[in-house]
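Asker: Per my numbering, residue 3 is the first one in the sequence shown, and the count goes up by one each step.
Just dropping this structure here.
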Amino acid sequence: MGILVFDFGGSAVKYGCWDSKDVKGKGQFATPESWEEMKAQLLKVYKDMCLSFEIEGIGISSPGVVNNEKQVIEGISAIPYIHGFNIFRDLETLFQLPVTIENDANCAGMAEFYEGAARDYQDVAFVVVGTGIGGAMFTKGQINKGAHLYGGEFGLMFLEGDQTFSKLGTAVQMAWRYCERKGVDKNTYTGKDVFELAETGDEIAKEEVESFYTYLAKGLFSIQFSFDPEVIVLGGGVSAKDGLIDEIQSRMKKLTDQFDLHDFEPQILLCEYRNDANLVGAAANYIAIGQGEN
3 MGILVFDFGG SAVKYGCWDS KDVKGKGQFA TPESWEEMKA QLLKVYKDMC
53 LSFEIEGIGI SSPGVVNNEK QVIEGISAIP YIHGFNIFRD LETLFQLPVT
103 IENDANCAGM AEFYEGAARD YQDVAFVVVG TGIGGAMFTK GQINKGAHLY
153 GGEFGLMFLE GDQTFSKLGT AVQMAWRYCE RKGVDKNTYT GKDVFELAET
203 GDEIAKEEVE SFYTYLAKGL FSIQFSFDPE VIVLGGGVSA KDGLIDEIQS
253 RMKKLTDQFD LHDFEPQILL CEYRNDANLV GAAANYIAIG QGEN
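Given below as structure tokens:
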């Protein structure tokens, strides 16, 4: 028996079948323009996957604030038509199977918590560093969504003046700042380009890379000492950067020394799942709900 999993994204919907060990039969299609078109595509994938797998249920990773009690996706996202109605009931009617839905950052966190880098820990902060910063919190082995379902929205923390963690602590924003200082279109250089330029001696790139590491370390320091997790797991594209952990840890040590916290060093791990994190997490959420863990 397998779980058919979908990852709703602004430009593409990824899918596959979780067989308790891995995601099989992976594919994707362009995100449709309407909910009716989306349902038609989802049903087509389901029928195709049933030719190769025995499907027991559906797990979905989605943008937005997923309110499981009301069975509604609240907030806003890049897929506006999934909000404001009982989407769970609609999909269960479509598939005639149990359906679970969870926020995409929470799903990525669940992938690491149940199957990945954080599987041996109970209290974990998962931080996704992309265009902005999101994440998920786990407390005593349970996902902690908070009283208003905004638990893990670390990107809204203010780090300097009116600048948030999302504005200061990502490689994407670093690249945009570099482009602005160079007087070119903001998409001229990527974060990867700026890291490489810094290594060749570009002074502006070196300054921006230093700022990126400093602000990322400050944000993680604040998370560590606000929530006191056993570990912080970093996800997102920047997690593939060589030497990332060493750069962060060296700056974290300066911060702990500044506050005379000499006997404590926050533990930071890199995620194990990258491209498949949301799919694996959608399956983990389905299983957890089935076992009464959420």
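Glycine included, each C-beta is placed from N, C-alpha and C at the ideal position.
Which same chain residues, not among the five before or five after F10, have their C-beta less than 8 Å away from its C-beta?
Answerer: Here residue 10 is taken as the residue at index 8 of the sequence shown, counted from 1. If we look at F10 and ignore the five residues flanking it on each side, its Cβ neighbours are T33, I62, S63, S64, P65, I81, I84 and D106.
Asker: To test your reading of the DSSP string, which unbroken alpha helix (DSSP H) runs of 4 or more residues are found completely within the stretch 176-202?
Answerer: 193-201
Asker: Can you list, in chain order, the residues of its chain with a C-beta nearer than 7 Å to that of I289? Leave out the 5 residues immediately preceding and following it.
Answerer: Indexing the sequence shown from 1 puts residue 289 at position 287. Hits under 7 Å: none found.
Asker: Could you give the DSSP three-state label for K220: helix, strand or coil?
Answerer: As a position in the sequence shown, residue 220 is number 218, starting the count at 1. Note: K220 maps to helix in three-state DSSP.
Asker: Per DSSP, which one or two residues make a beta bridge with D9?
Answerer: By 1-based counting over the sequence shown, the position of residue 9 is 7. Per DSSP, K16 and S63.
Asker: Let's test the definition: count the other Cβ atoms within 10 Å of the Cβ of S168 and tell me whether it reaches 16, buried, or not, exposed.
Answerer: Your numbering for residue 168 matches position 166 in the sequence shown. Residue burial annotation: S168 is buried, with at least 16 other C-beta atoms found within 10 angstroms of its C-beta.
Asker: Return the chain-ordered list of same chain residues with a C-beta closer than 6 Å to the C-beta of E94, the five sequence neighbours on each side being excluded.
Answerer: Within the sequence shown, residue 94 is the residue found at index 92, counting from 1. Closer than 6 Å at Cβ, skipping near neighbours: V101.
Asker: Where do the N-terminal and C-terminal ends of the beta strand (DSSP E) with I135 fall, by residue?
Answerer: Within the sequence shown, numbered from 1, the residue matching residue 135 stands at position 133. Counting along the chain, the beta strand (DSSP E) containing I135 begins and ends at I135 to T141.
Asker: Report the partner residues of L44 according to the DSSP bridge assignment.
Answerer: Counting from one through the sequence shown, the residue named residue 44 turns up at place 42. DSSP output for L44 lists no bridge partner at all.
Asker: Please report whether the beta-carbon of G148 lies at a distance below 8 Å from any beta-carbon of chain C.
Answerer: Considering every chain present, this structure includes no chain C. It has just one protein chain.
Asker: In terms of residue numbering, what span does the beta strand (DSSP E) encompassing G29 cover?
Answerer: Reading the sequence shown from its first residue, position 27 is the one you call residue 29. Counting along the chain, the beta strand (DSSP E) containing G29 begins and ends at V25 to A32.
Asker: Name the DSSP beta bridge partners of L319, please?
Answerer: The structure shown does not extend to residue 319, since the chain is modelled only from 3 to 296, so the question has no answer here.
Asker: Check for me: the alpha helix (DSSP H) holding T95 runs from which residue to which?
Answerer: For this step, residue 95 is matched to residue 93 along the sequence shown. Boundaries of the alpha helix (DSSP H) around T95: I89 to F97.
Asker: When you compare only the Cα positions, how much space is there between F31 and F160?
Answerer: Position 29 of the sequence shown, counted from the first residue, corresponds to residue 31. Position 158 of the sequence shown, counted from the first residue, corresponds to residue 160. Computed Cα separation, rounded: 37 Å.
Asker: Between G12, L6, A14 and L53, which lies nearest to D24 when the distance is taken from Cα to Cα?
Answerer: By one-based count along the sequence shown, residue 24 stands at place 22. When only C-alpha atoms are compared, the closest one is L6.
Asker: In three-state DSSP terms, what is T172?
Answerer: For this step, residue 172 is matched to residue 170 along the sequence shown. In the displayed model, T172 falls within coil according to three-state DSSP, outside both helix and strand.
Asker: How far does the beta strand (DSSP E) with N280 in it extend, from its first residue to its last?
Answerer: Walking along the sequence shown from the start, residue 280 turns up at place 278. Taken as a continuous stretch (DSSP letters only), N280 belongs to no beta strand (DSSP E), being part of the alpha helix (DSSP H) at A279 to G292.
Asker: Let me confirm a value: E71 is counted as buried when at least 16 other C-beta atoms fall within 10 Å, else exposed. Which label applies?
Answerer: If you number the sequence shown from 1, residue 71 lands on position 69. E71 should be labelled exposed.
Asker: Quick check on the burial criterion: 16 or more other C-beta atoms within 10 angstroms. Buried or exposed for Q175?
Answerer: Looking up residue 175 in the sequence shown gives position 173. Flag for Q175 reads buried.
Asker: Please identify the residue among Q226, S79, L271 and V186 whose C-alpha is closest to the C-alpha of V240.
Answerer: For the purposes of this step, residue 240 is identified with residue 238 of the sequence shown, where counting begins at 1. Comparing alpha-carbon positions, the option among Q226, S79, L271 and V186 lying closest to V240 turns out to be L271.
Asker: Within 8 Å, do at least three Cβ pairs link the stretch 251-261 to the stretch 280-289?
Answerer: Taking 8 Å as the limit for Cβ pairs, the verdict is that the stretch 251-261 does not touch the stretch 280-289.
Asker: Taking DSSP as the reference, what is the three-state secondary structure of N69?
Answerer: Looking up residue 69 in the sequence shown gives position 67. Strand.
Asker: Locate the beta strand (DSSP E) running through E76, then write down its first and last residues.
Answerer: Start at 1 with the first residue of the sequence shown, and residue 76 comes out as number 74. V74 to E76 is the span of the beta strand (DSSP E), which, as asked, contains E76.
Asker: Pull up the CB-CB distance for E56 and G18, whole angstroms please, since I reckon it's below 8 Å.
Answerer: As a working mapping, residue 56 is identified with position 54 in the sequence shown. As a working mapping, residue 18 is identified with position 16 in the sequence shown. At roughly 15 Å, the Cβ-Cβ gap does not stay under 8 Å, so E56 and G18 are not in contact.
Asker: Where does F115 fall in DSSP's three states?
Answerer: Start at 1 with the first residue of the sequence shown, and residue 115 comes out as number 113. Three-state DSSP puts F115 in a helix.
Asker: Buried or exposed for S79, going by 16 or more other Cβ atoms inside 10 Å?
Answerer: Against the sequence shown, residue 79 aligns to sequence position 77. S79 comes out buried.
Asker: DSSP three-state label for F160, please.
Answerer: In the sequence shown, residue 160 corresponds to position 158, counting from 1. Reduced to three states, the DSSP call for F160 is strand.
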